Structure formats: C-alpha cells, structure tokens
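In this note's numbering, the protein residues as written are 5 to 551. Written below as structure tokens is the structure these notes are about.
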RNA sequence: GCGCCAGUAGCUCAGUUGGAUAGAGCAACAGCCUUCUAAGCUGUGGGUCGGGGGUUCGAUUCCCUCCUGGCGCGCCA
C-alpha cells in the first residue's frame, strides 16, 4: 500500500463516520497551485447532495473525523467551494524517491496489460516511393505507442503491412518501364497515375545494369519485382535511420497466394451479408454502421482493396492479438468503419471496436518561413531521411510526437535544427546531461546512491517539493498516456519536468553542500535522471550524458 | 449535402478525462556567469477558451445549434 492508498482509505473511514455510504471512492488529485497543498479531494462537494448539507460543512466534519496519522498527512484544510487540501511532511513526501532509485529502468512500468498480446500496425507505406513526412509521423507515433503499451505489460508486436499488390504497384512498374524506354532513346511517356520522382530514374538505372538484355523493360513482371525490391530496401534504410524496428512485415500479396482473400469472400457470402448488383459483389456494411454498402468484387472480377484489408485483420485476430492498433493518416478514416463492418459480418467473435485506430492529421513542413510542398507524383519531395539528415533523429522524433495526433502538425525545420533554448528536445536532453554532470564532476559513483538511510526532510525548498511530486507522478502519467495511446502527453510532461530540473539545478546546489543535504540532493538528482531517461526512451529519443 | 477532426495569448500549442485565479514555449521588455554545462536561470506584460443556448454546486472539458478551416464521402489504395 502506498501513501495515496492509505490517505484514501482514511478518508473513506471518516466519510462513513459522518454518514456517507461506504462505497464512495474519493478522487484525489494534485492541485495545480502548490499553495493548495500536496493532494486535494472534492469528496465533500460530491457528498453535498446525498447528505443534504453544505460542502464546506461536510469538509469540516470530514477533517474532524479524519485520522491524519493513519492518512499520512501533516495537515488538512478546507478551501474554496469545499475542497479539502492535504499537506504532507517533506520527509514523508520525499521518501518516495527511494522507490524511484530502487526501480531504476523499471520506474514508470505498469502491469495493466498483464502479458496480453497487442499489435501495432504502422507506416504500412506502399512500396512506390521513399517514406515522406506523413510516414515519419506514423513511424514516430507507432513506435512510441508500442513502447507505451509495452511499458504497461502488453506483449507488443510492431508490424508493417506491405501493399505489394494492386494497381499502384502496376503503375510503379510502368513508370520504371517508361524511364527505361526514355533511357533507350524513346520519348518519355509517363503513364496515367504514374510516378515522376527522380528515384524512378534511379531504379531504371539499376534495372538496366542488372538486366542489360532488357534495356526497354519489356519484362514487366521482372521490372515490378526489381522496383519493389529496391524501394523496400530504401524504406528499410529510412526506418533504420529513424531507429524504428519492426517485428514483422506482412505482405498483401501473401493474402492472395495463401487463399485468405478467397476464404474471406466465401466466409462473408456464407454469413449472408453479401448481394450482387450490376455484376459486382457487395457487402452490406450498412448493417454494421457504415454509411453505404461496399463493393467487394468489381465487375471486372478483381477485388477492391477492402477485401484483403478485412482478410488481413482476420489474421490479426486469429494470430491471437487481443488488441490491434492501426496508426494511419486521417485521410484513411473512411476505411475504419468498413473494415470493422467486414469483421463483424464474418460473425467470428471479433470485438466491435476491433481494430482500434489512431489517426493523425497532416504534416506541413516549414523552412525559412515557407511551406515545403510534398507531392509524390510531381516529384518534389520531403522524405523522412531528408529531415533526419537535416535536424537529427532525436529532434525529428520529438517534433512528430509533441503534438496530439488530432492536431495538424507544422514541422519547423529551422527550429528543429537550432541547438538553442528554443528547441524543446535539446532543452530536455540538456536537463538530463546536467544531472549526469553533477555525478561526473563530483566523482560520485551513482550506483552507490541508493536512497537508504537519508534524511529526506532536508529537501524542503519549494523547487524540491515540486520536482519530487512531479517525479512521483510519473507512473500514473505513463499509464494515462498508454491508455489513451497519446505519446504527446509524455513529450509535454518531459518538457515541464525538464523545466523543474533546470530551475532546481540553479537554485539548489549539490556538490560541496553539508553532507546530509548533498546526499539527499544526489538521490533527487539521480531520481530525476532516471525518470527523464525513461521518458525519453518511451519516445525513442536518446538521453545523452553530456552535450 | 453527409461524416470525422480542429478552433485556447501576436505565433506554435498544452490543459492530468467536470474542479479552485485557464498554462508553456517563441516573440517583446528588464535582469543573472570567480561554485555541479549561460544549449541555462529570474522577473514583467499579454485571453470574449470561435459565437449562442443547455446540463449542475462548478464547463476550455459533456449535450444541442450556428460560423470558420482541414480531411474524407470511388467498382482508387
């Protein structure tokens, strides 16, 4: 039982004494304003109606009935409309640091996932070009969401779905063929819906070098294979540069070769939710919340992308993933209802909200005050690798994660590359490096700072109390971020906590202070360093020891 | 027309799931380096939380409605 639980229990006992029902669960929260104490509860206000008394009267009665010693608080007072504010002694508050030091890299981990399997699918770019900034946002989000879930005890698989079948791949092959023909002396004719970028020309060069006997790319299937292979290689390099590792790549083409597409269609026909109209096969997705019925098999006999999509998600369910989370651009949001509808129509026990979607809005890249246009087809291009080369992996990660996915993101290249106070990622890393510097300069072996036998009451400056509270809140904070699949919460938390660290660093000197103070502050410094490092780790950002 | 998302300080955005006087960074102004990193710290000013209703002890947060912007609404993926 930690301190908060005993406070809550004591509060319930007091409430029952004054006539409240025993099943209340008082909400305790950190007041925004430190002058309001270390914890606060609104329980008196929620009891006003059932008890028929004024909130402040109830609060007074509660405090009178409260066993403050058992609750672990040094002071309780009524404030505002009926809040009860609690204050802890500095020693009680700061002794929590020992838990951080004991936990180390485990600090912030939770057990809510309970070892169940979750899949996070992200990036899933068509192999028709390099990864652009939108994929970058997905890569950062997906990787961090995976880490968040893993931190809460989920067994996470990161998967990349490879759309290596379909019309766009055919266009890719034709585009490379067009460049090959240009190269062989023909006029350049890029097909309708084809790709214009320079990378197409590079692939043509490689093909020509590899197959000198086919200079015009007549062997279209062979051209396709080379193009997909080369682009996969490029995308792998992009991902490696970004530090993202997938556990599995799932090929769309395998859904056809393994017969899963046909199986899905016959399964849907069997459950009776399909119908034919005008030579095409439809799924009655409107029965499952979609706003119109969807074509499964076109009049020309081929399937729409929606069918392999459903087949793919069937495999996720059958592979035993309790949760499937898809990270995608908001332009795909139209597909969410129909994939879910397809799974429901199969009537195989898939939960209604399966899969879950994390959709993110567009990214605009600003440079020198101007928007850099992204257009794959037109060939002007901002790739993930461009960004990483220009501003570094850590900054790219942070910038993609610092905004809520629902917000459009402006990526300011000049800000991201500036190594100054304006740049949040350097600010946070600097806080970490400074804490390391204390141990380095003081020649203190950090492994020997265990938090045992210290006088915690010396950490009683306002800066120290606030920092300690923030650090102790970290596990609850990670749990919330994981629950909401929102890494930006971690990014913002780190920025705020880094600010507290910098303030504390200036206000509270460590080395050369009297022994009890120095030892307690070393423990605090180490606890802050651990927490910052763990937080940066969840975002995939390095925690440098010096800068 | 319908659906999803957004609208908070001059700019870019948070807001701990309905709490107390709505926050941060940048930009502006004024200060701080013989002591652990000035890539830093301290202070000042800045608001009709898009508008209007409603729900209640209490709303930036929940509901309704309107306005503005983005995305989607294909037998493309």
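Even glycine gets a Cβ: it sits at the ideal position worked out from N, Cα and C. What you are looking at is a predicted structure, and each value in this text was computed from that prediction instead of being measured.
- DSSP, read as helix, strand or coil, puts residue 22 in coil.
- With 16 or more other Cβ atoms inside 10 Å of its own Cβ, residue 179 counts as buried.
- In the structure shown, residue 296 adopts coil according to DSSP, grouped into three states.
- For residue 213 and residue 219, the gap between their C-alpha atoms comes out near 9 Å.
- Excluding sequence positions up to five before and after residue 486, its CB lies within less than 7 Å of the CB of 152, 153, 155 and 156, all in the same chain and listed in chain order.
- Membership of residue 153 in the alpha helix (DSSP H) is indicated by the continuous run 137-155.
- Taken in chain order, the complete alpha helix (DSSP H) segments of 4 or more residues contained in the stretch 184-270 are 202-214, 224-246 and 256-261.
- One thing to note: residue 303 has its Cβ no nearer than 9 Å to the Cβ of residue 342.
- DSSP places residue 330 outside any alpha helix (DSSP H); the residue lies instead in the beta strand (DSSP E), whose first and last residues are 327-333.
- In the DSSP assignment, residue 416 falls within the unbroken beta strand (DSSP E) covering 413-416.
- Nearest Cα to residue 71 within the set 99, 505 and 20: 20.
- In this structure, residue 99 lies away from residue 78, with their beta-carbon atoms at least 9 Å apart.
- Closest in alpha carbon position to residue 307, among 324, 264 and 534, is 264.
- Per DSSP, residue 364 is one residue of the beta strand (DSSP E) stretching across 360-364.
- Assignment of residue 551 by DSSP, reduced to helix, strand and coil, places it in the coil class.
- The residue from 160, 130 and 191 with its alpha-carbon nearest to that of residue 234 is 130.
- DSSP places residue 478 inside the alpha helix (DSSP H), whose first and last residues are 466-488.
- Between residue 469 and residue 463, the CB-CB gap stays under 9 Å.
- The way I'd put it, the stretch 100-120 doesn't touch the stretch 354-371; fewer than three beta-carbon pairs between them come closer than 8 Å.
- Among the bridge pairs identified by DSSP, residue 166 is matched with 255.
- Scanning its chain for C-beta atoms nearer than 7 Å, with the 5 sequence neighbours on each side dropped, one finds around residue 532 the residues 439, 471, 475 and 505, in chain order.
- Beta bridge pairing from DSSP links residue 102 with no other residue.
- In this structure, 319 is the residue among 319, 44 and 135 with its C-alpha nearest to the C-alpha of residue 123.
- For residue 303, there is no enclosing beta strand (DSSP E), as DSSP marks it with neither H nor E.
- In the structure shown, the three-state DSSP call for residue 43 is strand.
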